Amino acid sequence: MKINLSFEAKQSGTELHIFSCFNKVQESKTTKKLDAKTTKKTDKVLSHSHWSAELAESFEHSVASKHYKAECGEMFSITMLSGATALIVGLGDKTKLTKEIVRRQIATTYKAVSGKYEDATIHIDGFLVKGHAEETISAMVESLHMVSYAFDRHLAVKKKAKLQSITLATNEKKTQAKKFEAAINEAHAMGECIKVARDFVNEAPNILNSETYAKEIEKDVKNLKHVKIKVLGKAELKKEKMGMFLSVNAGSAFEPRLVHLTYTPPKATAKTKHIALVGKGLTFDTGGYSLKPGASMMNMKFDMAGSATVYAAFRAAALLQLPVKISCYLGITDNAVNHLATMPDSIVTARNGKTVEILNTDAEGRLVLGDVVNYACDNKPDALIDCATLTGAVLVALGSEVCGLFSNNQKLADSLLKSAKNADEYMWQLPIIDEHKNDMKALVADLKNIGSNGFGGSAKGAAFIEYFVEPEIAWAHLDIAGIGDSQGHLSYCPAKGGSGLIIRTLVDYLKNV
Ligand code: BES
Ligand code: MN
Ligand code: ZN
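If you count the sequence shown from 1, position 298 lands on 980 in our numbering, and the numbers rise without skipping.
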């Protein structure tokens, strides 16, 4: 889809013109006269200072328009005097407008029109949140990328949207051009990276296995500047003594991969901050010998969403040339069963020397992450953030719409919560208490990989990982088991498949670190 910016609000070329409309509650008028016209407090009057004269006149002409209230999401389609179609998108109360409302309404609007029109002009001035023009423009463009995404590479007949060209038209002064264009370009980069992540998450596990996934990333980073890649295989993981990671891979037909990426900004100095990102990359999670029941196993191709999320954030940071050094580590394998697969009750030795009793082979993400976060600590990053589809329990605790956050450092947790707010993504902090950590201690080994009971499953998973983080390093763990896919409540996310969420939060964090 082509998106261009125009400082000519009078667009004659396109078939469709999209305008916004707000409403406000009319002040109530009290009158003593019985027959006098009274206006109830609930009456909503339309407010639309950004309409063209042509639209205002056409709207006045339309009899049906008097029923239009411009509630949020309420649309009104009208043929203008010129013959072009105008679609009016209700945004409700102007004083309550947020960029998330715009993001959602633009996606809903796209869905309503993308099958009918070849090109459209969005008259953006009526959509901009006061004082946040660039951010709103970015949100609109991101939303268009996100909503127009389809994972259709395996379909013989692809549903191609008719809508291929969108003009963002504004009456603002041309002096704004640079800022607006920068906002659009940034959103293009974000949209592209979100697509890359969704494509990885949605790809089938017989196609995307640990070896092919690492190769795809090697291929993809060739397009990035100032980025280095190192890929560790089974022999290297053995050398690194990553006994936990290797135990998960033991029953696999494919070699494990630890993809280690670094981005060093062009003007890096000794003061440049260094952030480590770690992602869980389970290309499929059968549960291993602690086999998942069929229904729970379905969709476990998405168990690499953590790795796709951190990779996409890393990729965006490199494209945007952010002034921060980033090391990104993807722990990639599947969790499969064969005669070599790890049996429950096995005891393995982690990279940091701790012994771990594997009581449940389905608690595999923490085994991979434990060794990888430990490896990431070697480079002494200023902060380390891991992202993983770690526990079903996070869905029980927070619902499928919220990302769980755990941390050993409140400053880092607060920064991430702030970034989630900036990105309009749902994130909630949960605790790791000493009791959770104690519950991960075993009788016959230093640690066990599951808690003594099913309670607080997400916190105990996080508590386990913390045993492998060097204590002086600020660390945060993001459990995206819920938010990583199928976010049908958001108009810009697919109801089924990778959501591409949390990438925006991470990039916001990397921008502000
Ligand atoms: N990949 C799963 C977590 C998961 C479950 C993500 C459901 C999305 C939906 C993880 O590897 C897992 O199996 N976790 C177990 C942990 C348990 C054995 C302690 C779980 O959540 O049941
Ligand atoms: Mn599992
Ligand atoms: Zn898993």
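Using N, Cα and C, we set each Cβ at its ideal position, and we do this for glycine too. None of these values were measured; they are calculated from a predicted model.
Quick check on the DSSP output: what are the complete alpha helix (DSSP H) runs of length 4 or more inside the segment 1024-1104, in order along the chain? 1047-1059, 1075-1080, 1092-1104
If residue 804 and residue 899 are in contact, beta carbons under 8 Å, what's the gap, nearest whole angstrom? Residue 804 to residue 899, Cβ: 35 Å. No contact.
Which word fits residue 1063, buried or exposed, when buried means at least 16 other C-beta atoms lie within 10 angstroms of its C-beta? buried
On the three-state DSSP scale, how would you describe residue 1178? coil
Taking contact to mean 3 or more Cβ pairs, one atom from each stretch, closer than 8 Å, check whether the segment 1022-1040 and the segment 988-1006 are in contact. no
Residue 1163: CB within 8 Å of a non-hydrogen atom of the ligand BES: yes
For residue 787, the three-state DSSP class (helix, strand or coil): helix
On the three-state DSSP scale, how would you describe residue 945? strand
Under the DSSP definition of a beta bridge, which residues are partnered with residue 770? 701, 758
So what does DSSP say about residue 827, is it helix, strand or coil? helix
Check whether the Cβ of residue 1178 lies closer than 8 Å to any heavy atom of the ligand ZN, and answer yes or no. no
Give the secondary structure of residue 1172 by DSSP, where H, G and I count as helix, E and B as strand, and everything else as coil. coil
Beta-carbon proximity list for residue 1045, same chain, < 6 Å, skipping 5 on both sides: 1131, 1132
For residue 1172, is the beta carbon positioned less than 8 Å from some heavy atom of the ligand BES? no
Hey, residue 926 and residue 1050 are a contact pair by Cβ (cut 8 Å); roughly how many whole angstroms apart? 7 Å
Given residue 994 as reference, the closest of 1152, 745, 738, 1186 once Cα atoms are compared: 1186
By a C-beta neighbour count over all protein chains shown, 10 Å radius and 16 as the cutoff for buried, is residue 975 buried or exposed? exposed
Counting Cβ pairs closer than 8 Å, one from the segment 1002-1020 and one from the segment 951-962, do we hit at least three? yes
Using a strict less-than 5 Å threshold between each residue's beta carbon and the heavy atoms of the ligand GTP, what residues do you get? This structure lacks the ligand GTP; the ligands present are the ligand BES, the ligand MN and the ligand ZN.
May I ask you to verify whether the segment 1066-1084 touches the segment 1153-1162, counting CB pairs closer than 8 Å and requiring at least 3? yes
Is the beta carbon of residue 768 closer than 9 Å to that of residue 737? yes
Within 10 angstroms of its Cβ, does residue 864 collect 16 or more other Cβ (buried), or is it exposed? exposed
Burial state of residue 761 (16 or more Cβ within 10 Å): exposed
List, from N- to C-terminal side, the beta strand (DSSP E) runs of 3 residues or more that fit wholly inside the segment 835-888. 847-851
May I have the straight-line CA-CA distance separating residue 1189 from residue 998, to the nearest angstrom? 7 Å
I need the DSSP call for residue 894, collapsed to helix, strand or coil. helix
Please determine whether the Cβ atom of residue 988 lies at a distance below 8 Å from any heavy atom of the ligand MN. no
For residue 899, the three-state DSSP class (helix, strand or coil): helix
Within its chain, find whatever has a CB closer than 8 Å to the CB of residue 1098; leave out the 5 residues flanking it on each side and keep chain order. 1067, 1087, 1089, 1109, 1158, 1160, 1187, 1191
Residue 852 beta carbon less than 9 Å from that of residue 696: no
Cβ neighbour criterion (16 or more within 10 Å) applied to residue 774: buried
Cα separation between residue 728 and residue 706? 7 Å
Cα-Cα separation, residue 957 to residue 1060: 13 Å
Which residues mark the beginning and the end of the beta strand (DSSP E) in which residue 685 is found? 684-688
Just to confirm my understanding: we take residue 970, look at its own chain, exclude 5 residues before and 5 after, and list those with CB closer than 8 Å. What are they? 930, 933, 1017, 1018, 1019, 1023, 1024, 1043, 1044, 1046
Please list the terminal residues of the continuous alpha helix (DSSP H) segment that includes residue 1122. Counting along the chain, residue 1122 falls outside any alpha helix (DSSP H), and DSSP gives it neither H nor E.
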